[in-house]
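First residue of the sequence shown: 1, per the numbering used here; consecutive thereafter.
Beta carbons: idealized from backbone N, C-alpha and C, even for Gly.
Working notes for the structure below.
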Amino acid sequence: MNNSRWVLITGASTGIGKELALCFARNGHSVVLVARSENKLCDLSEMIAKRHHVQVVVIPKDLTAIHAPKEIFAELLNQNIQLDVLINNAGAGRSGLFKDNDQSHNNQMIDLNIRSLTALTHLAVHHMRRHGGGKILNVASTGSYQPGPYIAVYYATKAYVLSFTQALRKELKGSGITVSALCPGSTATEFSKRAGKADIKGAMSPHKVAETAYKGINKNKSVIIPGLLNKIFILASKLLPGTISASIVARIQRKLTESF
Ligand SMILES: NC(=O)c1ccc[n+]([C@@H]2O[C@H](COP(=O)([O-])OP(=O)(O)OC[C@H]3O[C@@H](n4cnc5c(N)ncnc54)[C@H](OP(=O)(O)O)[C@@H]3O)[C@@H](O)[C@H]2O)c1
Numbered sequence: 001m002n003n004s005r006w007v008l009i010t011g012a013s014t015g016i017g018k019e020l021a022l023c024f025a026r027n028g029h030s031v032v033l034v035a036r037s038e039n040k041l042c043d044l045s046e047m048i049a050k051r052h053h054v055q056v057v058v059i060p061k062d063l064t065a066i067h068a069p070k071e072i073f074a075e076l077l078n079q080n081i082q083l084d085v086l087i088n089n090a091g092a093g094r095s096g097l098f099k100d101n102d103q104s105h106n107n108q109m110i111d112l113n114i115r116s117l118t119a120l121t122h123l124a125v126h127h128m129r130r131h132g133g134g135k136i137l138n139v140a141s142t143g144s145y146q147p148g149p150y151i152a153v154y155y156a157t158k159a160y161v162l163s164f165t166q167a168l169r170k171e172l173k174g175s176g177i178t179v180s181a182l183c184p185g186s187t188a189t190e191f192s193k194r195a196g197k198a199d200i201k202g203a204m205s206p207h208k209v210a211e212t213a214y215k216g217i218n219k220n221k222s223v224i225i226p227g228l229l230n231k232i233f234i235l236a237s238k239l240l241p242g243t244i245s246a247s248i249v250a251r252i253q254r255k256l257t258e259s260f
């Protein structure tokens, strides 16, 4: 399987991850699809194989399981796949007051959004060093830039993703491995429903987010922000004191949680 350009995408069964898989396949990359829903991954694999002349490998995995990242890289070795791109896209949120949220949900969110992303990145850096370089994209959020009352743990995990990605990018400069962060704003996927909140009107399409991400990775952008409104929102978050942005986010998130 060495002649292909391979990209591994976590959370590829729906939403932004699925669109990223289609976008990379359209552009001639072979894809490794990771998520829990094996049926959805197999349907996507069939669709990609029919439409594009690329190879597809499905690895069904719950990334909150401690050994999942190692098992994924063992499978890549087993199938002699050399990754050009790793996309850490799988992520989940949970709305509501922190005091009312189940701690097991918080742990799952931290395991998925932080621990598995960090472990996969560590494995990918070593893998890519052995194979002469590569690209890593970590999916953060516009929520990485300010505190998120009523969705506090999720926003904090995304602050981690952005900070970690920017630090690693600096460490790896000149190594042949590039690291970028994708910061989408509200996107029309299953995310809100799963997080227990209403959709924001005018959410971006996951297709548009994936296309912007693809271009951004190829331009080796440090941070990729899809859409003008999201760019303005992030700029405002950088300029405003944390207490003010927290109040704005609190108003929005409380409304979305209450109207779910
Ligand atoms: N949608 C938004 O408004 C928005 C905004 C900013 C950032 N983001 C970020 O964008 C990324 C993609 O989210 P999305 O909007 O596309 O949401 P989504 O439609 O809910 O997709 C989430 C993906 O993650 C996978 N996943 C969830 N838990 C998993 C687990 N334990 N193990 C393995 N895979 C798991 C899901 O597949 P299975 O259920 O099959 O496992 C699914 O493929 C996330 O990191 C999210 O935080 C989303």
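By the 16-neighbour rule on beta-carbons within 10 angstroms, lysine 219 is exposed. Annotation for alanine 213: Leu182 and Ile224 place their beta carbon closer than 6 Å to its own, counting only its chain and skipping 5 residues before and after. Here the alpha carbon of threonine 14 sits roughly 18 Å from the alpha carbon of arginine 94. A direct Cα-Cα distance of roughly 13 Å separates isoleucine 87 from histidine 122. Threonine 257 has its CB no nearer than 7 Å to any heavy atom of ligand 1.
By DSSP's assignment, lysine 135 forms a beta bridge with Val85 and Thr178. Annotation: alanine 159 to valine 153 spans about 10 Å, alpha carbon to alpha carbon.
In the structure shown, leucine 33 falls within a strand segment according to DSSP collapsed to helix, strand and coil. Sorting Ser104, Leu76, Ala119 and Met109 by C-alpha distance to the C-alpha of histidine 67 places Ala119 at the top. Its chain contains no residue whose beta carbon lies nearer than 6 Å to that of serine 163 once the 5 sequence neighbours on both sides are disregarded. When distances are taken from the beta-carbon of isoleucine 72 to the heavy atoms of ligand 1, even the shortest one reaches 7 Å or more. Buried is the label assigned to arginine 169, since at least 16 other Cβ atoms lie within 10 Å of its Cβ.
Checking the DSSP bridge columns, you'll see leucine 8 partnered with Val32 and Leu86. When distances are taken from the beta-carbon of threonine 10 to the heavy atoms of ligand 1, the shortest one is below 7 Å.
Taken atom to atom, the span from the alpha-carbon of proline 69 to that of aspartate 111 is near 11 Å.
Under the DSSP assignment, proline 206 falls outside any beta strand (DSSP E), being part of the alpha helix (DSSP H) whose first and last residues are 206-218. Counting other Cβ atoms within 10 Å of its Cβ, alanine 74 stays below 16 and is therefore classed as exposed.
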